[in-house]
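Step one of this worksheet: look at the structure below.
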Amino acid sequence: MESENKQFKRYLVTTALPYANGPVHIGHLAGVYIPADTYVRYLRMKGEEVLFVGGSDEHGVPITIKAEKEGCTPQDIVDRYHGIIKKSFEELGISYDIYSRTSSAMHHETAAEFFKKLHADGKFIEKESEQYFDPERQKFLSDRYIVGTCPKCGAEGAYGDQCEKCGSSLSPDELINPHSQLSGAALVKKPTKHWYLPLDQYEPWLREWILEGHKEWKTNVYGQVKSWIDSGLQPRAVTRDLDWGVPVPVEGADGKVLYVWFDAPIGYISNTKELCEKTGDNWERWWKDQDTKMVHFIGKDNIVFHCIIFPCMLKAYGDGYILPENVPANEFLNLENDKISTSRNWAIWLHEYLEEFPGKQDVLRYVLTANAPETKDNNFTWKDYQDRNNNELLAIFGNFVNRILVLTHKFYEGAVPAVANLTEADQAVIDEMNGYPKKIGTLIENYKFREALQELMNLGRLGNKYLTDNEPWKQIKTDPERVKTVMAVSLQIVAKLAILSEPFLPFSAHKLQAMIGMEGMKWADAENTILLPEGKMLNKPELLFEKIEDSVVEAQLKKLEEIKKANELNAWKPAAVKQTVSFDDYMKVDVRVGTILECCKVPKADKLLQFLIDDGMKKRTIVSGIAKYYTELEKLVGKQVCFVANFEPRKLKGVVSEGMILSAEDKDGRLVLLTPSDLVAPGCSVG
RNA sequence: GGCGGGAUAGCUCAGUAGGUUAGAGCGUCGGAUUCAUAACCCGGAGGUCAUGAGUUCAAUUCUCAUUCCCGCUACCA
12 MESENKQFKR YLVTTALPYA NGPVHIGHLA GVYIPADTYV RYLRMKGEEV LFVGGSDEHG
72 VPITIKAEKE GCTPQDIVDR YHGIIKKSFE ELGISYDIYS RTSSAMHHET AAEFFKKLHA
132 DGKFIEKESE QYFDPERQKF LSDRYIVGTC PKCGAEGAYG DQCEKCGSSL SPDELINPHS
192 QLSGAALVKK PTKHWYLPLD QYEPWLREWI LEGHKEWKTN VYGQVKSWID SGLQPRAVTR
252 DLDWGVPVPV EGADGKVLYV WFDAPIGYIS NTKELCEKTG DNWERWWKDQ DTKMVHFIGK
312 DNIVFHCIIF PCMLKAYGDG YILPENVPAN EFLNLENDKI STSRNWAIWL HEYLEEFPGK
372 QDVLRYVLTA NAPETKDNNF TWKDYQDRNN NELLAIFGNF VNRILVLTHK FYEGAVPAVA
432 NLTEADQAVI DEMNGYPKKI GTLIENYKFR EALQELMNLG RLGNKYLTDN EPWKQIKTDP
492 ERVKTVMAVS LQIVAKLAIL SEPFLPFSAH KLQAMIGMEG MKWADAENTI LLPEGKMLNK
552 PELLFEKIED SVVEAQLKKL EEIKKANELN AWKPAAVKQT VSFDDYMKVD VRVGTILECC
612 KVPKADKLLQ FLIDDGMKKR TIVSGIAKYY TELEKLVGKQ VCFVANFEPR KLKGVVSEGM
672 ILSAEDKDGR LVLLTPSDLV APGCSVG
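Here our numbering is used: the first residue of the first sequence is 12, the next is one more, and so on.
This is the structure we're talking about:
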């Protein structure tokens, strides 16, 4: 099963489908799209047959929510973001053979067919469960459409999966007074049928295929897959009650669509078909031929889907579908020491970058490759961006090219001189430079893009050193014959750079190739010593990179600073006042003061503290989710707190809690216990 | 809390199937140079390899515990 030695006839390369509810940012690029594009460009230059497939993931609940919020249709949302994403990828030079979308007709057809066959072959199990139903709209609601009062912070408008006020994750059953976000109607529970893929049945096969057969996968990927398999796989629902997506194509499935994780990876197949239909190619040779090598480029949050679930789907389908040979998942990129976040607008958006930094695609590609999160989360800073541009890309690569071309025009009016009478040192340099194509290529084939780029720069360093060692600007006065050889050798290095930089820096590579009159070179060509023959006329040199000034970086930092400020201002206004309640209703709640007698952490729970409270009559146990904010527990003993005395007891992590301790939630989410300003008798009521 | 990944020079990262002085790039300091976008080239300084134990003749590398960061997942009457 080891693929190390196997020779493949063609490569199918996929990139995680970006979710079309927002634009693409530098985290996506560094983790997925730039490494994938570098890989693909390299393979093409090697003369391999490659298909590079991408597309937008356009189904799922968040898109429908966003549409609801903005008062438009889901299709409007995905049209907008698909447009932005596709265009920005093109401008960055991500060289897809096809970038399509899961709302396409071809995808709907393909995904439906895929489901139908699995269904017909009995690969699913069917289960019925009780779900919330909106009687007015006559449909089942997904978690996100169910709103109610947050059981934790009491905020109105908490969603069935999460309260945005306090950030706690919820299940619809926990919500107080659940009702429909669509109609406002109170919800009822009704049984609904769904189809499940029994992943557990594929466990022995997964073990064999990955744990035995793919020990070469990256540690983060292998480790996570192993832990999933070892802890026992569960059947996973492949359908949902929703009206946005691919309708479930069997009888009795009205109002149901394919679950987005089931539908999205099939998009790789649909998009392949869409392309092949246009070009007259046979799509099956890409997906059903053991001589095709499939590689999925993804981020670490996607490992399970691409290593376990999608392979199980393909395996269940059978019919010769191939499996990925590798899934080089990357870690995450931070921005200025803070997690990138779409909702907090903490990101550098690709489409904005392209607008603000015209012609600087390669700078971004360079920086994100040089600092790619290949083994651990990395940090992007604008200072680093500037340094890498000014001190590496420009100073080593751009500068070397420029010095050579300027000298060639100065000494020889732009005509390449001949290599003659090589010294030992010349030969050593030639040998070294001829080794780079292989060195860099091997690194790329092993997904070590950062190191590969480093080696490319080392070729530039080799050139700079050779030049300094031989000082042609001095020798031209004393030994012009010798200078011809030095310049000729240097020019071959420039030519090599023009070829080998193409996977990483396609725009600059093409610019350089045009300057020295080289076109359509293959990777293997770079192994030849003489790429620019004697007498060849070079075009006028232009600068490949320009210096990035402090002011540019400062402007970007200021922009981020403002986002941070705006976030602080927006995030914390007091919550809207809740619905009016009657005095009688209020009096039903019995709030009292109690004295803390004991306090300890609840085992195996991060957030829970267990209190023993003197309520004036007895000792009662109350569990409260404030462990994060109170670490010195001994200091709490003796303090008085307010608590709800007449809640039904409830079991939390095995401990029965008899009430709820009241605390205030500060704007940063911190919980602060409420304590009477003077000592009072335990058990006295608060009102 | 469970599982996975990570913690190495001022910064961003490599690395060690355990073995004399732990690497690279950038930054910094010094030198040399002027063909080149004040870029290049040479040299120096800079690390108790997160913390604490254990195994070993020997641990940054293996084992265990702890702390912190990231992802998945559980708990917040």
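The C-beta atom is built at its ideal place from N, Cα and C for all residues, glycine as well.
Sequence-distant residues of its chain with Cβ nearer than 8 angstroms to residue i (five each side left out)
i	result
Lys650	Thr606, Ile607, Leu684, Thr686
Tyr332	Trp298, Lys299, Leu325, Lys326
Lys127	Pro260, Val261
Thr283	Leu23, Leu62, Val64, Ile109, Trp294, Trp297, Trp298
Glu466	Tyr447, Lys450, Ile451, Leu454
Glu663	Per the sequence presented here, residue 663 reads as Leu, with Glu not at that position. So the qualifying residues of the chain are Val613, Ala616, Leu619, Val634.
Reference residue i; option with closest CA among the options
i	options	result
Glu538	Asp561, Leu554, Ile510, Ser519	Ile510
Lys599	Ala463, Ala656, Arg461	Ala656
Val627	His93, Gly243, Cys695	Note that residue 627 corresponds to Gly in the displayed sequence, not to Val. Nearest option by C-alpha distance: Cys695.
Phe19	Asp398, Met305, Leu365, Tyr641	Met305
His493	Ala436, Asp349, Asp145	The sequence given here places Arg at residue 493; His does not occur at that position. The candidate whose alpha carbon is nearest that of Arg493 is Ala436.
Pro46	Pro428, Asn356, His307, Leu365	His307
Gly66	Thr113, Ser140, Pro693	Thr113
Phe658	Glu456, Val634, Leu644	Val634
Asp252	Lys80, Thr75, Ile240	Thr75
Asn469	Val505, Thr434, Lys488	Val505
Glu456	Leu28, Met56, Ala41	Met56
Gly409	Pro369, Leu516, Ser688, Leu334	Leu516
Phe594	Leu682, Gly698, Leu644, Ala525	Gly698
Ile407	Glu557, Leu663, Glu227, Ser674	Glu557
Classification of residue i by the beta-carbon crowding that lies within 10 angstroms, buried from 16 upward
i	result
Trp216	exposed
Cys83	exposed
Tyr53	buried
Ala358	buried
Leu554	exposed
Gly329	exposed
Val417	exposed
Gly178	Annotation note: pLDDT 44 at Gly178 (below 50); position unreliable, coordinate value reported separately. Counting Cβ neighbours within 10 Å, Gly178 comes out exposed, since fewer than 16 surround it.
Ile527	buried
Trp206	buried
Ala8	The first residue shown for the chain is 12 and the last is 698, placing residue 8 beyond what the model contains.
Glu69	buried
Ser352	exposed
Trp484	exposed
Ala463	buried
Lys630	exposed
Ile136	exposed
Leu690	exposed
Ala692	exposed
Arg414	buried
Cys611	exposed
Leu313	Note on identity: in this sequence residue 313 is Asn, with Leu being the wrong assignment. Buried, since its Cβ has 16 or more Cβ neighbours within 10 Å.
Cβ shell of residue i (< 6 angstroms), same chain only, five flanking positions each side left out
i	result
Phe667	According to the sequence displayed, residue 667 carries Val and not Phe. Cβ within range, chain order: Pro660.
Lys547	Val427
Val378	Tyr396, Arg399
Asn337	Val306
Asn578	Arg355
Phe273	Val249
Leu543	Val427, Leu502, Ala506
Residues of its chain near residue i, where Cβ-Cβ distance is below 7 angstroms and the 5 sequence neighbours each way are ignored
i	result
Phe321	Pro276
Asn432	Thr496
Thr26	Val43, Tyr44, Ala47, Gly65, Phe308
Distance cut-off 6 angstroms: residue i Cβ against heavy atoms of the ligand SAH
i	result
Ser114	Only the bare structure without any ligand can be found here, which leaves the ligand SAH out of the picture.
Length-filtered (4 minimum) alpha helix (DSSP H) runs lying within the segment 203-283:
DSSP runs (the alpha helix (DSSP H)) wholly in the segment 203-283: 214-217, 230-241.
Going along the chain, which unbroken runs of the beta strand (DSSP E) with 3 or more residues stay wholly within the segment 596-635?
DSSP runs (the beta strand (DSSP E)) wholly in the segment 596-635: 602-612, 620-625, 630-635.
Sequence ranges, alpha helix (DSSP H) only - wholly within the segment 87-136, length at least 4:
Counting only runs of at least 4 residues, the segment 87-136 fully encloses the following alpha helix (DSSP H) elements, listed from N- to C-terminal order: 116-131.
Mind pulling the beta strand (DSSP E) runs of 3 or more residues that sit fully within the segment 383-468?
For the beta strand (DSSP E) assignment, the uninterrupted runs of no fewer than 3 residues enclosed by the segment 383-468 are, from N- to C-terminal side, 389-391.
Take every Cβ of the segment 94-113, pair it with every Cβ of the segment 21-38, and state whether three or more of those distances are shorter than 8 angstroms.
Three or more beta-carbon pairs separated by less than 8 angstroms link the segment 94-113 to the segment 21-38, which places the two stretches in contact.
Per the contact definition of three or more C-beta pairs closer than 8 angstroms, is the segment 418-425 in contact with the segment 496-504?
Judged by Cβ distances under 8 angstroms, the segment 496-504 makes contact with the segment 418-425, as three or more pairs qualify.
Spell out a yes or no on whether the segment 389-397 and the segment 448-459 are touching, meaning 3 or more CB-CB pairs, one atom from each, closer than 8 angstroms.
Fewer than three pairs of CB atoms, one per stretch, sit closer than 8 angstroms, so the segment 389-397 makes no contact with the segment 448-459.
Is the segment 228-237 touching the segment 339-346, taking contact as three or more C-beta pairs under 8 angstroms?
Verdict: yes, contact present.
Between the segment 474-484 and the segment 379-386, do three or more beta carbon pairs fall short of 8 angstroms?
By the Cβ test, the segment 474-484 is not in contact with the segment 379-386, since fewer than three Cβ pairs between them sit closer than 8 angstroms.
Would the segment 636-644 count as touching the segment 611-628 if we require 3 or more Cβ pairs under 8 angstroms?
In short, these stretches touch, since the Cβ pair count reaches three.
Every unbroken beta strand (DSSP E) inside the segment 651-680 [3 residues or more]
Entirely contained in the segment 651-680, the beta strand (DSSP E) runs reaching 3 residues are, in chain order, 651-655, 661-663, 666-668, 674-676.
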